Structure formats: C-alpha cells, structure tokens
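Numbering (this note's numbering), first residue to last: 1075 to 1609.
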C-alpha cells in the first residue's frame, strides 16, 4: 500500500514554511503538522539577508513579505563608555535584493503560508501535534493528535489520534524537537546559555535616526542592544545577569523604567507588544538524518542571534531539502542524494554558529577590566577580521581531480533585472526558478541532445545574453554581463538553492552538465518531466 503523502513536515515556522511551499510548488503530496493553532503573529527573527530574501521569493510573495521591511545599513558596537567601538557596513546588494533587511517576521510567514495553501497538493494541519514516529524501509508512520487549550491557557493533547504515512518526514519542529527526541538523536553543545530580556514595541511616532541602526552596548554592567523591526517597530534587549530577577524584568514597570532612563522614551513614543526572557543556545544535532526522517532548522541547530542568521540558516535548510527531496521522489536521483544535505549544510551552519558564539562572548564581557581591555584593543585597531561568509565546499558541486572545489563552485549565483519580451523583473520571476544555466553565447552551440535531454529532465532554465537565440534574455541592469566579465567566465550552472554547481568557459559547459549528471547518480537520461513542472 502506497504512503498517504510524499513528505510530512513537522513544524510550520520559517523552515517548515519554505520546505512545504517549495515541495508543493514541485507538485508533491505534502502534509504539515504544527502544534500551535495559528502562525505565531509576533516577530522573533528581525533580519534576513539577500540570499534568504531570494528563498522567500521562490516560496512566497516577496513584495508582501517585505512590505514593512527596510534595508539594514549599519551595525554598531558601543564600548563601556557608550562611544563607538565598531561600525559594520551592511549596505550593498546580494541575490537581487539589498544585502540585509530589517523586517517583520509575520509578514514573511504570511507571504509563504498563503502561497503554500494555494497548492491543492499540500494539506496544512495547525493545532495538531505529532506523538509517535515509526519508520520501516519504505515509509514513515506518524501518529498525530489535536492539541487543545484548557481554562488555564495551558496546552494539552486530545484523544483523537490519526495515523499518517509518508515516504519521508522532516522534523522542523524547533529546538525542543519531538521528532529529534523520538529518534534518540543527541546534540553537541557549545555551552552557551545566555538569558536576555526581549521587549518588542510599536513605534507611535518617529524615534530619531539613532534608532534606525542596530546598536549593541557592550556594557559589562548590563549588556543591552536595540534594533528596528522593519519600519514600524523597535526591539530592545537586556542581558539577564546573575542576581537579576527574570520575573521582575518581565514587568511593565521594569520596561518603562529602562526606556526612560536609557533611551528617554515613554508611552507616548512606543507601545509594548511583547516582553519575555529567553535563552540563547548553540547546539547541533549529532545526526540530521535517520533513514527516511530528516531534521532541519532549530531541530538540527541553534545559535545565538549575533550574526542574525538563525532563521536564515533554517530557510537555507528548507530550500536545500526541497530540491533534493524533489529529485529523489521523482526518481531523478538516488536515495543517497539526501546524505549530501547534512554534508553540505552542517559545515556552513557551524561556521556561522561559531562566529555568533564568539561575537557574543566578546560583546558581553562582564568583567570591567576585561571589557576595558577589549575596548582599548578595538580602538587601537587590533581587531581580528571576521571570517568570510561560508560557501559550500562539499557535496553537489564541481571539483577538480583531487576533490577540491573548482573556482566559484559553491558560491552564490547572481540575480539581476532581466527582460523577455515585454516582461521585466527579477530573473527568477521572469525566467523561472530551479536549475539554471546562464551563458554569454548560445548554449545550443556546445550542448548536444543528451545534455539538453538531461537538463530538460531537471526542468532547467537555459538563458543566454546573446540576442536572437531561442533562450535569449535582456540583461536590463547589467548584472550578468558584469558577473561573467568580473570572473572571466562565459557560463555558469546554478542549483535551485542558488549555489553554483560550477562555472567556466562555453567549451567547459558540457563537462559541467556531465559532472552534475554523475553527481546526481543519473548516468542514464531519465524521462522528461511533464511540461510546466517546477524544479
């Protein structure tokens, strides 16, 4: 008997939303189970980068998602004396968007949720939790149960059990993941247990230019910070130190005293939306896969917020799993392709995780002498440079004979404004999303029928800057012309998660296509996909 669904997604936060939407877009039968009855409705994440915005573009309505967003320009660190220690320039462009955004999470989630629910092949169940997971070689069985709120506003499980089967299950159910615990997967711990008070507010009037930046006060007496949440809201955070009373810090009396004394703000300036003490952690699941069950997002990894990359990393997990599951489910790649999910994503996450931990350690020194020494070192310019943002270094990327990634392999592909006929917009909206081949000249001059059949089976987009080709587009803002020239290449082959499989000259393009086919384990040309199928 065949499973009820292709994929069951447990958890419907940013990671589960992206995964569910993209699998739905690819035509697979998806079921979602989320214990909470509604989308959260308040911001937790407040930052996405250009790459993550491009993921949201693929999974939802990006204009709605960013309707209250504003580009993040500056991240400041202030020393013990309140004076500037460090200013990080966050301006620029990436992946067709501003490099960094301050944004309102409910808009992001609503934009993807609406797209997900538009697919008739996706079933979303909110207010339903998973209470058992069992798998055999052919499928996974989930026992699910409604969750109900009692008179004391506590959640408890009901008794109306339902058993659902799926070919694969993805646990995207948060740091306290039931799925991970049910599988018996332990976590490695970097031993970060910082507690912070979070106060989210609505701006009732313009607060002044100083509140448009993200500002970290590296004050050993009481580390604190503030940042905008899009254009309409403001977040304030205060470290909970030894001897502090978390319950007292969650009182409105504490909040208004803090606002008056530290920022000169009162009820005429802001309205409190949420006030809660929470704990930062840095833990990683020892394995992200057990047979047909995979982990993603906070279920697989958590990190402190100092890089603003926790939810971004989860959404990267979502798109990475979406395209790999799509190929496996449709028979265009072997089951082993799913092993590359962890081998690619874990190193990427762990670099960001370690950077976030170290930034938090330096910013939050509690010893006054150590903090003063830090400030002096910063002002002498003795600041170790931040490591470069990670790229993919293993997995489905083009490599040399010794296994070293080829130049540009694993880096992010560009996205610019293009035109085809009368349609003008971002590349992914105009030409499509999935595997992409972009060339300086007509790709049909170097690719044979077998190459084209293979690319067609992937639903790949062929696009060339050369006019008068069957695959021509107009490079409206020069993004692709400039990119090819800057890197001395004539073609690139990008994956659906926007990382380059490889790049090179036109004569090297056939070898890149052959390499991708071998990497996916499909030496024989598979059947063509149905016309119009995504991915």
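Even for Gly, the Cβ is constructed at its ideal location relative to N, Cα and C.
Bear in mind that the values here come from a model prediction, so they are computed numbers and not experimental data.
- Segment contact: the region 1272-1283 against the region 1340-1348, three or more CB-CB distances shorter than 8 Å; contact assigned.
- Judged by DSSP secondary structure, residue 1579 falls outside any alpha helix (DSSP H); it is assigned neither H nor E.
- Classified as exposed, residue 1188 has fewer than 16 neighbouring CB atoms from the shown chains inside 10 Å of its CB.
- Taking residue 1513 as the centre and dropping the five residues before and after it, the same chain places the C-beta of 1538, 1565 closer than 6 Å to its C-beta, in chain order.
- If you draw a 10 Å sphere on the C-beta of residue 1454, you find fewer than 16 other C-beta atoms in it, and that means exposed.
- As the crow flies, the alpha-carbon of residue 1484 is around 11 Å from that of residue 1567.
- Straight through space, the alpha carbons of residue 1203 and residue 1373 are spaced by roughly 15 Å.
- Around the CB of residue 1308, 16 or more other CB atoms lie within 10 Å, so the residue is classed as buried.
- In the displayed model, residue 1110 falls within coil according to three-state DSSP, outside both helix and strand.
- Of all alpha-carbon atoms in 1569, 1396, 1252, the one lying nearest the alpha-carbon of residue 1359 is that of 1252.
- Separation of the CB atoms of residue 1470 and residue 1366 is rounded to 20 Å, and the pair is thereby denied contact status at 8 Å.
- Residues of the same chain with a CB within less than 8 Å of the CB of residue 1520, apart from the 5 flanking positions on each side, are 1580, 1581, 1583, 1584 in chain order.
- Assigned with DSSP and collapsed to three states, residue 1348 falls in strand.
- As computed with DSSP, residue 1126 is found in no beta bridge at all.
- At the C-beta level, residue 1535 and residue 1508 come within 8 Å of one another.
- For residue 1195, the CB contacts under 8 Å within the same chain, skipping 5 residues up- and downstream, are 1098, 1101, 1102, 1103, 1104 in chain order.
- Of the residues 1381, 1518, 1443, the one whose Cα lies closest to the Cα of residue 1462 is 1381.
- Contact between the region 1383-1390 and the region 1410-1429 is present, with at least three C-beta pairs closer than 8 Å.
- Closest by C-alpha distance to residue 1146, out of 1284, 1107, 1088, is 1284.
- At the C-beta level, residue 1151 and residue 1437 come within 8 Å of one another.
- For residue 1430, the enclosing alpha helix (DSSP H) starts and ends at 1413-1437.
- Taking a 10 Å sphere around the C-beta of residue 1364, we find 16 or more other C-beta atoms and assign the residue as buried.
- Distance between residue 1481 and residue 1577, taken at the CA atoms: about 7 Å.
- Going by DSSP, residue 1303 is part of no alpha helix (DSSP H) but of the beta strand (DSSP E) stretching over 1298-1303.
- The beta-carbon separation of residue 1551 and residue 1491, rounded to 4 Å, stays under the 8 Å limit for a contact.
- Boundaries of the alpha helix (DSSP H) around residue 1531: 1523-1531.
- In the DSSP assignment, residue 1284 falls outside any beta strand (DSSP E) and carries neither an H nor an E.
- Here the region 1164-1177 does not lie against the region 1203-1219, with fewer than 3 beta-carbon pairs under 8 Å apart.
- In this chain, the beta strand (DSSP E) harbouring residue 1239 covers 1236-1245.
- Rounded to the nearest whole angstrom, the C-alpha separation of residue 1361 and residue 1479 is 24 Å.
- When secondary structure is reduced to three states using DSSP, residue 1497 falls in the strand class.
- A direct Cα-Cα distance of roughly 14 Å separates residue 1531 from residue 1588.
- Residue 1351 holds the alpha-carbon nearest to the alpha-carbon of residue 1319 among 1153, 1351, 1557.
- In terms of CA proximity to residue 1472, 1575 leads the group 1388, 1110, 1239, 1575.
- Distance from the CA atom of residue 1162 to the CA atom of residue 1300, rounded to whole angstroms, is 15 Å.
- Per the DSSP secondary-structure output, residue 1160 pairs in a beta bridge with 1151.
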